[in-house]
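All remarks here apply to the structure that follows.
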Amino acid sequence: MLVDRTLVASDVPYIKVLASGLDMPPIVAGAWAEMTLAQPHGAEKVHEMLERCVHNADAQGDGALAASWRDALGTFDATLRVGAPSDDSVPRRETRH
1 MLVDRTLVAS DVPYIKVLAS GLDMPPIVAG AWAEMTLAQP HGAEKVHEML
51 ERCVHNADAQ GDGALAASWR DALGTFDATL RVGAPSDDSV PRRETRH
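Its first residue numbered 1, the sequence shown is counted upward by one per residue in full-length UniProt numbering.
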């Protein structure tokens, strides 16, 4: 399955959450998300990892960070429900062939 690269760009909020929460560079988090989303049940796995990041921020007592990351999780879920959002919350990238 092909994954829309705009969904896994390193500057997308939920990719930033994965990068920070899992202590990896954003480009690696984007690549991981792209590979995972291409697999069966990949969206569920990415969702679970985002939830884990939110939980860890809450457990460390950083409510503001957890709230911000919860918003990014909501963006991820909304994006997958309806495809790429119609607003500008997910940056678009031009693809050249």
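For each residue, glycine too, the CB sits at the ideal point set by N, CA and C.
Per the Cβ contact rule, the stretch 55 to 73 is not in contact with the stretch 28 to 38 (fewer than 3 Cβ pairs under 8 Å).
Here Met24 carries a coil assignment [DSSP, helix/strand/coil]. If you check the CB distance, Ala29 and Leu18 come in under 7 Å. At the C-beta level, Ala43 and Leu7 stay beyond 7 Å of one another. DSSP, reduced to helix, strand and coil, places His47 within a helical segment of the structure shown.
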